[in-house]
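J.:
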Amino acid sequence: MSTGRPWSIERIREALGSPDLARRFTDEIGSAPAHRVLAVFAKWQGIAERTLAAVERGRQAAAAEAAGREVPGEWIDITRKVQEEAALNRSRGAACG
Numbered sequence: 368m369s370t371g372r373p374w375s376i377e378r379i380r381e382a383l384g385s386p387d388l389a390r391r392f393t394d395e396i397g398s399a400p401a402h403r404v405l406a407v408f409a410k411w412q413g414i415a416e417r418t419l420a421a422v423e424r425g426r427q428a429a430a431a432e433a434a435g436r437e438v439p440g441e442w443i444d445i446t447r448k449v450q451e452e453a454a455l456n457r458s459r460g461a462a463c464g
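Position one of the sequence shown corresponds to residue 368 (the working numbering), numbered consecutively onward.
#1: If you draw a straight line from the C-alpha of A415 to the C-alpha of R380, how long is it?
#2: By Cβ distance, which residues of its chain are closer than 7 Å to F408, with the 5 residues on each side in sequence left out?
#3: Does the stretch 410-430 come close enough to the stretch 383-397 to have 3 or more Cβ pairs within less than 8 Å?
#4: What's the C-alpha gap between R391 and S375?
#5: Could you check if L388 is buried or exposed, using at least 16 other CB atoms within 10 Å of its CB as the buried criterion?
#6: Let me know the secondary structure DSSP gives N373 once reduced to three states.
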C-alpha cells in the first residue's frame, strides 16, 4: 500500500497506529549506533507497511460484511495461539518484527 509519500520517521510513527509502538520505534532508532540506523529504519518500515496492509484488509472485510457479502479470504481461528504468543512476547519484552 503506497500513498506516494516517501517513508520517514514521522510517517512510520503515524503508520504504526499505536503510541506504544511509536515510542518503541523512536527509542530504538534514537539509540541505534550510526552503522545500524538504516537497518533499524528498514525493520520498522516493514512493520509499518504490514500494519497499513492489515488495516486495509480489515477495512475491506468490514465493508464486505456490512454489505452482506462474504468476507474474502480463508479464515482460521487462531485466537488462542495469538494470545499465547502475545503473552510470551510481553513476558520477554520482545520487540515487534
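Beta carbons: idealized from backbone N, C-alpha and C, even for Gly.
T.: Taking the geometry as given:
#1: Using only the alpha carbons, I get a separation of about 8 Å.
#2: Counting only Cβ-Cβ distances below 7 Å, and skipping sequence neighbours, we find I396.
#3: Judged by Cβ distances under 8 Å, the stretch 410-430 makes contact with the stretch 383-397, as three or more pairs qualify.
#4: Between the C-alpha atoms of R391 and S375 there is a straight-line separation of about 16 Å.
#5: That one is buried.
#6: Note on residue identity: the sequence assigns Pro, not Asn, to residue 373. Under the three-state reduction of DSSP, P373 is assigned to coil, being neither helix nor strand.
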